[in-house]
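All remarks here apply to the structure that follows.
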Ligand code: ADP
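In our numbering, the protein residues as written are 23 to 410.
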C-alpha cells in the first residue's frame with residue numbers, strides 16, 4: 023500500500039522481501055530477495071535507496087546500528103526502533119515520561135528451577151498479584167504481533183505453563199477492564215513537525231484487530247485527548263514516519279498499551295477516509311517532505327478486516343459478491359488464503375455510523391471472512407453466513 027502511494031508521487035519503492043510470493047513484490051518498483059535479519063541483505067537494500075524504512079518490526083538493532091554508523095539514512099531511527107521492537111523498553115520509556123500505561127512488571131521466561139511455585143519469576147508474579155490480583159496478561163517483550171505472544175492467565179499454574187517454553191523478557195501486566203480500545207496515528211518529520219489523524223475505535227478478538235471505526239463510540243473530548251497523547255508518544259520515541267499508538271480507555275483514563283513505528287492496520291481507513299493516507303504521509307515524513315492534511319473526508323468510516331475462513335475460500339474468487347456491496351472499497355493483499363490469515367480489508371465511508379459498519383461487514387462476510395464470537399455484528403447481518 024506504501025508502494026501504491028509512492029507511485030502516485032513518482033517515487034520508486036524497493037522492497038526487501040523474503041519470498042517472491044510476498045504481497046509487496048507485486049506492486050514494488052524493485053524487489054530484492056533477502057531478510058532484514060541478514061546484514062548483507064540490508065546493505066544491498068541500502069545501496070539501492072535514498073532512505074530505508076519499515077513495514078514491520080522484526081528487525082535486528084545491531085544491523086541497524088552498523089548501517090547508521092556507515093551513514094545509511096534509516097527512518098525511523100534507533101531510538102524509535104528500540105521502543106517498537108521491545109515492549110519492556112517501550113513501557114519503561116513511557117513511564118519515565120509520565121505517560122499512563124497498564125500496571126506491569128517483568129520476568130524472564132523459561133522453566134522455573136523449583137516448579138510452578140518456586141523460582142524468581144513465580145515470586146515476582148506472586149508479589150504483583152498480591153497488589154493487582156488475577157487474572158494477569160503475559161506478553162513476550164519481543165517478537166509478538168496480532169495477539170501472538172499475548173496470554174491472559176488466571177493462576178500460577180497457567181502462568182508457569184506459558185513461561186516454561188518462553189525465552190527472554192516477559193511483561194506481566196494487569197488485565198485492563200477497558201471500555202474501548204483506541205488507536206491514534208501520527209506522522210512526524212525529522213524536524214519534529216507532525217500531524218495526527220482522528221483517533222479510531224478498534225475491536226480486537228483474540229488479540230487480532232477485526233474492525234476499526236472512525237470515530238466509533240468515542241466522544242470528541244476523548245479523540246482530542248488521544249491525539250495529544252499520540253503526539254507526546256511520538257516526541258518521546260523521536261519518531262520519524264508514521265507511528266501508531268494503541269490505547270485503552272478505561273474508567274475515564276487513557277493509557278498506552280502498544281506502539282508500532284510504521285503504517286498500521288488501524289490507519290488503513292485513511293486511504294479513502296482522509297485527505298492524505300497514512301501510507302502517503304509515511305513516505306512524505308521519511309523523505310522529509312511537507313505532510314498532507316489528515317482531515318477526515320466523511321463523518322463516519324468503518325474498516326473491517328478480511329481473514330481466511332476454515333473452508334479455505336480465496337476472497338478473489340468471491341470478489342463479485344464483495345464488490346456488489348454499495349460503497350465498499352475492497353483491498354485484497356494477494357496473499358494465499360489460510361484459516362485465520364489476514365488477507366485484506368474493506369472500508370466504507372458515509373454519514374451514518376450503523377450504516378457504514380453494516381455495509382463494511384456485509385462486504386467482508388461476502389468475501390469469506392469468518393464471523394466472530396466476541397464481537398456483536400450489525401443486527402441485519404447476524405444470520406448472514408460467512409461464505410455461503
Ligand atoms: P500485539 O498487538 O503485539 O499482539 P498487544 O499488546 O496489542 O499485542 O495485545 C493484543 C490485544 O490483546 C490488545 O489489543 C487487547 O485487546 C488485548 N490485551 C493486551 N494487553 C492487555 C491488557 N493488559 N489488558 C486487557 N487486554 C489486553
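Virtual Cβ for every residue (Gly too), placed ideally from N, Cα, C. Here the structure is a predicted model, which means the values were calculated and not measured.
Let me know if residue 275 comes out buried or exposed under the rule of 16 or more other beta-carbons within 10 Å of its beta-carbon.
exposed
May I have the straight-line CA-CA distance separating residue 272 from residue 364, to the nearest angstrom?
28 Å
How long is the line joining the alpha carbons of residue 131 and residue 182, rounded to whole angstroms?
9 Å
For residue 399, count the other beta carbons within 10 Å of its own beta carbon; 16 or more makes it buried, fewer makes it exposed. Which is it?
buried
Short of 7 Å in beta carbon distance, which residues of its chain neighbour residue 144, apart from the five on each side in sequence? Order them along the chain.
134, 138, 178 and 182
Supposed contact pair residue 369 and residue 411 - C-beta distance, whole angstroms, cut 8 Å
Because the chain is modelled from 23 through 410, residue 411 falls outside the range shown and cannot be assessed.
Just the residues with CB closer than 5 Å to a heavy atom of the ligand ADP, in chain order, which are they?
124, 159, 166, 167, 169, 172, 195, 197, 198, 226, 229 and 280
Can you tell me where the alpha helix (DSSP H) holding residue 383 begins and where it ends?
375 to 388
Just to check my reading of the structure: residue 322 and residue 260 have Cβ atoms closer than 8 Å, yes? What is that Cβ distance to the nearest angstrom?
Going by Cβ atoms, the distance from residue 322 to residue 260 rounds to 34 Å, so no, they are not a contact pair.
Coil, strand or helix - residue 104 by DSSP:
helix
Close beta carbons around residue 61, own chain, < 6 Å, minus the five adjacent residues each side
85
Based on DSSP bridge pairs, tell me the residues matched to residue 371.
323
Which value, in whole angstroms, describes the spacing of the CA atoms of residue 155 and residue 23?
43 Å
With DSSP as the reference, label residue 176 as helix, strand or coil.
coil
Per the DSSP calculation, residue 111 is bridged to which residue(s)?
Answer by DSSP bridge pairing: none, since residue 111 is not bridged.
Decide if residue 83 is buried, meaning its Cβ has at least 16 other Cβ atoms within 10 Å, or exposed.
exposed
Per-residue DSSP class, three states only, for residue 351
strand
Does DSSP put residue 409 in a helix, a strand or coil?
Bear in mind that a pLDDT of 41 at residue 409, under 50, signals an unreliable position, so the number given afterwards is only what the model happens to contain. The answer is coil: DSSP assigns residue 409 none of H, G, I, E or B.
Given this structure, state the Cα-to-Cα distance separating residue 56 from residue 70, to the nearest angstrom.
14 Å
Identify whether residue 254 lies in helix, strand or coil by the three-state DSSP scheme.
helix
Near residue 52, which residues of its chain fall below 6 Å by C-beta distance, leaving aside the five closest residues on each side in sequence?
36
In chain order, what residues of the same chain lie with their CB nearer than 6 Å to the CB of residue 285, ignoring the 5 residues before and after it?
264, 300, 301 and 304
Using the rule of at least 16 other Cβ atoms within 10 Å of the residue's Cβ for burial, across every protein chain shown, is residue 67 buried or exposed?
buried
Closest by CA to residue 402, which one among 77, 396, 394 and 377?
377
Helix, strand or coil, according to DSSP, for residue 301 in the structure here?
helix
In or out: residue 237 buried (at least 16 other Cβ within 10 Å) or exposed?
buried
Where residue 88 and residue 73 are concerned, what is the direct C-alpha to C-alpha distance, given to the nearest angstrom?
15 Å
Note down, in chain order, each residue of its chain lying with its Cβ closer than 6 Å to the Cβ of residue 313, except the 5 sequence neighbours on either side.
209, 217, 303 and 306
Short Cβ contact (9 Å threshold) for residue 331 with residue 390
yes
In the DSSP assignment, the alpha helix (DSSP H) including residue 65 goes from what residue to what residue?
61 to 70
Looking at the secondary structure, which residues open and close the alpha helix (DSSP H) in which residue 151 lies?
141 to 154
7 Å CB neighbourhood of residue 408 in its chain, flanking five on each side removed:
Model confidence at residue 408 stands at a pLDDT of 49, short of 50, so the residue's coordinates are unreliable and nothing is read from them.
With residue 263 as the anchor, note down where its alpha helix (DSSP H) starts and where it stops.
No alpha helix (DSSP H) contains residue 263, which is instead part of the beta strand (DSSP E) from 263 to 272.
Between the C-alpha atoms of residue 308 and residue 267, what's the straight-line distance to the nearest angstrom?
18 Å
Integer-rounded CB distance, given that residue 129 should sit under 8 Å from residue 146
5 Å
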